[in-house]
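Residue numbers (the numbering used here): 178 to 326.
Glycine included, every Cβ here is placed at the ideal spot set by N, Cα and C.
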């Protein structure tokens with residue numbers, strides 16, 4: 178299964194925020210620089226993550242964002258379910274016209290079950306635990322962050 182670009186950027190931002198020590202704030206620009214993604218894309222992702230209650234934003238001169246408690250304990254599966262705006266795993270309905278097999282197709286249901294199995298597997302991956310994994314340490318060092326916790 179493949180996640181969309183918006184979900185990818187959102188998860189990367191959450192991983193960076195999970196890596197920093199508690200109480201530290203990061204600007205959207207510093208997160209964008211850390212994940213190698215344009216500011217505008219990260220800004221949109223941060224707005225959505227805030228509306229989901231996964232991050233907290235402190236405004237002002239020395240403001241920035243940090244992971245909320247809900248963000249720290251959220252699972253990748255939960256987050257992807259909310260960020261995935263596609264109603265169908267296959268393009269059975271499109272502006273160009275509906276698939277002629279739509280009424281009798283068993284593939285559509287199988288793909289929906291596969292997507293849910295994908296998310297269910299990711300329900301065991303907690304955002305706050307990602308930076309603690311040994312394999313993540315070199316990545317965070319490379320972008321100049323020290324994993325917190």
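What residues match up with residue i in a beta bridge as DSSP calls it?
i: residue 284; result: Note: residue 284 sits in no beta bridge, so no partner.
i: residue 243; result: 233
i: residue 203; result: 242
i: residue 252; result: 303
Can you give me the Cβ contacts of residue i inside the same chain, cut-off strictly under 6 Å, excluding the 5 residues immediately before and after it?
i: residue 261; result: none
i: residue 233; result: 243 and 245
i: residue 208; result: 190, 193 and 219
By the 10 Å Cβ neighbour count, where 16 or more other Cβ atoms means buried, how is residue i classified, buried or exposed?
i: residue 243; result: buried
i: residue 187; result: buried
i: residue 294; result: exposed
i: residue 193; result: buried
i: residue 215; result: exposed
i: residue 279; result: exposed
i: residue 198; result: exposed
i: residue 305; result: buried
i: residue 241; result: buried
i: residue 255; result: buried
i: residue 253; result: buried
What's the C-alpha gap between residue i and residue j?
i: residue 286; j: residue 222; result: 30 Å
i: residue 248; j: residue 277; result: 42 Å
i: residue 290; j: residue 259; result: 17 Å
i: residue 218; j: residue 230; result: 19 Å
i: residue 236; j: residue 300; result: 32 Å
i: residue 263; j: residue 317; result: 32 Å
For the ligand ZN, is there a heavy atom less than 7 Å away from the beta-carbon of residue i?
i: residue 301; result: Ligands are entirely absent from the displayed structure, and the ligand ZN is therefore not among its contents.
For residue i, does the three-state DSSP call read helix, strand or coil?
i: residue 301; result: coil
i: residue 188; result: helix
i: residue 225; result: helix
Counting only beta-carbon atoms, is residue i nearer than 8 Å to chain D?
i: residue 287; result: In the structure shown, chain D does not exist; there is a single protein chain.
Excluding five sequence neighbours on each side, which residues of the same chain lie with their C-beta closer than 8 Å to the C-beta of residue i?
i: residue 202; result: 235, 239, 240, 241, 242 and 243
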